[in-house]
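Participant:
In the UniProt record's numbering, the protein residues as written are 1 to 193.
Shown next, in the form of structure tokens:
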């Protein structure tokens with residue numbers, strides 16, 4: 001799929017995913033370049049995290065639309081797709097976690113559509129969804145090799161709630177990938193009547 005965008009006036013819209021979700025996923029590149037592993041520190045801003053530079057490589061999560069098929073229109077879950085100039089360019093999968101927080105199970109933006117506010121728009125929809133369900137906040141996870149995502153979450157008001165150095169060791173015992181858990185805690189909730 002070739003994307004044509006107007007960088008001077010991109011029109012981002014977000015709506016519930018439909019039957020076009022799987023074809024959109026299969027036809028797009030969600031990879032990103034990794035140039036460093038950050039040494040995450042929950043007491044410092046992302047810009048102050050020390051970096052361990054590495055030989056650059058492309059990271060691809062291998063997104064499978066079938067993994068979240070039951071989330072579409074679920075009681076405690078949904079999938080939203082973002083469109084830029086009427087082209088599908090991003091998605092977010094959200095559910096209610098066991099601890100009561102909204103959980104961003106997956107957030108992805110097509111590589112060629114980044115830096116147009118797509119991810120931020122998707123996070124705003126998750127925030128609205130969470131408020132509508134009267135949840136106390138939002139949680140999500142990314143890794144120390146996805147610095148763009150870490151910067152975005154910080155700019156959107158999320159804070160690091162935890163760092164897990166062992167989460168990916170089952171996949172690769174030698175990995176330098178570290179899980180970083182981000183939270184957006186809402187100041188107030190709608191009180192039930």
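Yeah, the Cβ is synthetic: ideal placement off N, Cα and C, and Gly gets one too.
1. Please work out which residues of its chain come closer than 7 Å, Cβ to Cβ, to residue 145, disregarding the five sequence neighbours upstream and downstream, and give them in chain order.
2. Using only the alpha-carbon positions, how far apart do residue 90 and residue 174 sit?
3. So if DSSP puts residue 116 in a beta bridge, which residue, or which two residues, is it bridged to?
4. If we count the other Cβ atoms within 10 Å of its Cβ and call it buried at 16 or more, is residue 95 buried or exposed?
5. Report yes or no: do the segment 133-150 and the segment 178-189 share at least 3 C-beta pairs separated by less than 8 Å?
6. Just reading off the beta strand (DSSP E) that residue 21 is part of, what are its end residues?
7. Would you report the Cα separation of residue 25 and residue 87, rounded to the nearest angstrom?
8. Quick check on DSSP: helix, strand or coil for residue 38?
9. Considering Cα atoms alone, identify which of 158, 57, 102, 159 is closest to residue 75.
10. Since residue 154 and residue 45 are thought to touch, with beta carbons under 8 Å apart, how far apart are those beta carbons, to the nearest angstrom?
11. Which residue from 53, 43, 69, 136 puts its Cα closest to that of residue 163?
12. To the nearest angstrom, how far is the alpha carbon of residue 184 from that of residue 47?
Facilitator: Taking the coordinates as given:
1. Correct list, in chain order: 34, 37, 59, 177.
2. 31 Å
3. Answer is none; residue 116 lacks a bridge partner.
4. Under a 10 Å Cβ-count criterion, residue 95 is classified as buried, with 16 or more other Cβ atoms of the shown protein chains found around its own Cβ.
5. yes
6. No beta strand (DSSP E) contains residue 21, which is instead part of the alpha helix (DSSP H) from 21-26.
7. 12 Å
8. strand
9. 102
10. 7 Å
11. 43
12. 19 Å
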